[in-house]
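J.: Taking this note's numbering, I'd label the letters of the sequence shown as residues 73 to 174. Dropping a structure here in structure tokens format, bear with me for questions.
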Amino acid sequence: MICPKCNEPEAHRSHRKGLKDRIWASFSMIPYRCKKCHTRYYAYRAGEKSDRMRTAEERRIMKIRRALKWKRSKREWTIYALGIIMFAIAAYMFTRQTVPSQ
Ligand SMILES: [Zn+2]
């Protein structure tokens with residue numbers, strides 16, 4: 073993480089302690105501490121909102137992670153769509169079979 077005070081990529085996740093940290097955690101904010109200037113601050117665990125504070129490497133990892141997530145959901149949708157098509161075919165065959173022929 074890039075420190076918002078000194079702009080150095082020296083900030084690391086700090087240990088959660090006390091009520092204040094727990095309150096912030098309920099808003100998906102986790103504490104970070106800068107190794108250089110010792111500033112303690114809170115930032116979103118992930119996501120675009122704190123992109124500005126991420127280093128290039130962290131942004132790259134997050135981009136890959138998002139792409140993987142999307143790929144996974146795309147695969148799930150494909151399976152889902154295939155299931156619907158198979159069901160439609162089965163239903164079509166079934167109705168054709170049960171319609172009494174004259
Ligand atoms: Zn700092």
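Where is the CB? At the ideal position from N, CA and C, for every residue including glycine. On a predicted model such as this, the values are computed, not experimentally measured, just so you know.
When the distance is taken between beta carbons, is R126 closer than 8 Å to I74?
T.: On the sequence shown, residue 74 is found 2 positions in, with the first residue counted as 1. On the sequence shown, residue 126 is found 54 positions in, with the first residue counted as 1. Yes, the Cβ-Cβ distance between I74 and R126 is below 8 Å.
J.: Cβ of T111 versus every heavy atom of ligand 1: is any distance shorter than 7 Å?
T.: Within the sequence shown, the letter at position 39 stands for residue 111. Within the cutoff, so yes.
J.: Classify G119 as helix, strand or coil using the three-state DSSP reduction.
T.: Your numbering for residue 119 matches position 47 in the sequence shown. Model confidence at G119 stands at a pLDDT of 47, short of 50, so the residue's coordinates are unreliable; what they give is reported in the following sentence. Here G119 sits in coil by DSSP.
J.: Taking the straight line between their C-alpha atoms, what separation do you get for M158 and R144?
T.: Counting from one through the sequence shown, the residue named residue 158 turns up at place 86. Counting from one through the sequence shown, the residue named residue 144 turns up at place 72. Their backbone Cα atoms lie some 21 Å apart in a straight line.
J.: Under a three-way DSSP split, which group does M101 fall into?
T.: Here residue 101 corresponds to residue number 29 of the sequence shown, with the count starting at 1. Three-state result, M101: strand.
J.: Which term fits A83, buried or exposed, when burial requires 16 or more other beta carbons within 10 angstroms of its beta carbon?
T.: For the purposes of this step, residue 83 is identified with residue 11 of the sequence shown, where counting begins at 1. Its Cβ being crowded by 16 or more others within 10 Å, A83 is buried.
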